[in-house]
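One structure is given here, and the rest of the page talks about it.
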Amino acid sequence: MSIAIRPITPDFAGEVSRIDLTRALSPAEVSAIDGGMDRYAVLVFRDQNITDEQQIAFSANFGVLEHTAGGNVTRPEQKRLSPQMADVSNLDQNHRPLARDDRRRLFNLGNQLWHSDSSFRAVPAKYSILSGRIVVDKGGNTEFADMRGAYDALDDEMKAEVEGLICEHSLIYSRGLLGFTDLTPEERAMFRPVRQSLVRTHPKSGRKSLYLSSHAGTIVGRPMPEARAFLRDLNEAATRPENVYVHRWRRYDLVMWDNRQTMHRVRRFDDRLVRDMRRTTIAGDAPTAVQDAAA
Ligand SMILES: [Fe+2]
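Its first residue numbered 343, the sequence shown is counted upward by one per residue in the numbering used here.
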C-alpha cells in the first residue's frame, strides 16, 4: 500500500496515511511527501511514536538540519535535548515544567505569537517537523495560517505596495511585544536583526506568499511606527479564521509545515502540566534578501 494524502481543506493542510516514520523511507515516499508539502504546506501524520534518532533520520530526507544555537535564551548546560532537536516543550533539563517566573518559560511564551520559524536567521528555515510526545488535553492547539492565501487575498494596490519591501526580523522584536526585554548584551548581539523579503515565491509552484512573522519589527526605509502599523494590518488580514487550520494534538501526532508558505502559533494551555513537543528544522537554501553590511 502506498502513501495517501487526504486534503483537510482544498489546498491547505493534508493528512498523510499508510506510512510509518520510524522506518527508512523509499525515494517514492520522500517524493510523495515533498509533493504534498508543495501543495498543502502543512502535513499531519497520526500515530507516529518515534524516537529523537528516528525523527532526525526522517527529517534528513528533506535537507540539512538546522542547528538550534542562537534561537533562544536557554544556556547549553540547561539543554534537555541534542542540538539538532529544538525543545518546544515546557520542561527543564530534569523534565519538569519550568517555574512560572523562569526566564526560559517567559521567552518561550513568544511561541503564542504568529510567526515563521527561524525568520530571525539570515537563512531562514524551510520545513519544521514537530512531534507531540506528550500532549495536553485542553488548549495547546497549534494554528497555521496559509500565507499564499494571505497574498492572494490582497487587492492589486496592496500587492504592488508589498512587492520588493524588506523587513527586519529579530527575536528582540517578537519578545519585545510581550514585554520581555531583559536580554544580556550577548543575547542582543546574537539576536541582531536580519533582513527578509516580505513577498516570497515558492520555487516549485511559483505561488507568491507573504513572509510575515512576529519577529518582523520594521521595514527598511519606513519610519518604525508606520512599518509596524502596516505589518499589523497585514497580519490581521492573513490570520482571519477562513485562512487558518487549527491542529488539535493527539499523542504521537507529527506535523510538518513549510515556513516559507505559512505562519503558526501555539495557543495557551496549563503549563504546570507536562507538554513534551520536539522539533527538527530543515534549513533553507539561501537568504531571502541582501543583508545590511552593518548587520
Ligand atoms: Fe514555531
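Even glycine gets a Cβ: it sits at the ideal position worked out from N, Cα and C. From a predicted model like this one, the values you see are computed outputs, not experimental measurements.
So what's residue i in DSSP terms, helix, strand or just coil?
i	result
Val-616	coil
Ala-637	In this prediction, Ala-637 has a pLDDT of 49, which is less than 50 and means its spatial position is unreliable; what the coordinates show is noted afterwards. Three-state DSSP puts Ala-637 in coil, outside helix and strand.
Arg-485	Note on identity: in this sequence residue 485 is Glu, with Arg being the wrong assignment. In the structure shown, Glu-485 sits in a strand (DSSP, three-state: E or B).
Pro-349	strand
Arg-417	coil
Ile-508	strand
Leu-519	helix
Phe-387	strand
Arg-537	strand
Ser-359	strand
Arg-549	coil
Leu-407	strand
Arg-365	coil
Going along the chain, which residues of its own chain have a beta-carbon closer than 6 Å to the beta-carbon of residue i, five neighbours each way excluded?
i	result
Leu-471	Sequence check: residue 471 is Ile here, not Leu. These residues qualify, in order along the chain: Ser-401, Met-598 and Thr-622.
Gly-412	Met-532
Gln-435	Gln-420 and Arg-422
Leu-596	Phe-387, Gln-390 and Ser-473
Pro-349	Gly-356
Got a sec: does ligand 1 put a non-hydrogen atom nearer than 7 Å to the Cβ of residue i?
i	result
His-606	yes
Asp-429	no
Asn-577	no
Asp-459	yes
Asn-432	no
Asn-483	no
Asn-453	yes
Quick one: what's got a C-beta closer than 8 Å to residue i's C-beta in the same chain, skipping five residues either side?
i	result
Asp-613	Asn-432, Pro-439, Leu-440 and Arg-447
Arg-620	Asp-394, Gln-397, Leu-423, Met-427, Ala-428, Asp-429, Val-430, Ser-431, Leu-472, Ser-473 and Arg-475
Arg-517	Phe-449, Gly-452, Thr-523 and Leu-525
Asp-362	Gln-390
Using C-beta distances below 7 Å, list every residue in its chain close to residue i, excluding the 5 sequence neighbours before and after it, in chain order.
i	result
Thr-416	Arg-446
Arg-617	Ser-431, Asn-432, Ile-476, Val-477, Val-478, Gly-482 and Phe-611
Asn-403	Leu-367 and Val-372
Asn-577	Trp-456 and Leu-554
Ala-467	Glu-408, Asp-459, Ser-460, Asn-601, Thr-623, Ile-624, Ala-625 and Gly-626
Chain B beta carbons: is any one of them nearer than 8 Å to that of residue i?
i	result
Leu-525	Although the question refers to chain B, the structure presented lacks it and comprises just one protein chain.
### Query
For the stretch 380-388 against the stretch 352-362, are there 3 or more C-beta pairs whose distance is under 8 Å?
yes
### Query
Would you call the stretch 519-538 and the stretch 571-590 in contact, with 3 or more CB pairs under 8 Å?
no
### Query
Pairing CB atoms from the stretch 552-570 with CB atoms from the stretch 452-470, are three or more of them under 8 Å?
yes
### Message
Please give the ranges of any beta strand (DSSP E) in the stretch 419-500, keeping only runs that are unbroken, at least 3 residues long and fully inside the region.
### Response
467-476 and 484-488
### Task
Only counting runs of 3 or more residues, tell me where the beta strand (DSSP E) segments fall wholly within the stretch 552-630, in order along the chain.
558-561, 586-589, 596-600, 604-608 and 618-625
### Query
Touch check for the stretch 430-438 and the stretch 567-577: three-plus C-beta pairs under 8 Å?
no
### Task
Indicate whether the contact test is met: 3 or more Cβ pairs, each with one atom in the stretch 534-547 and one in the stretch 471-486, closer than 8 Å.
no
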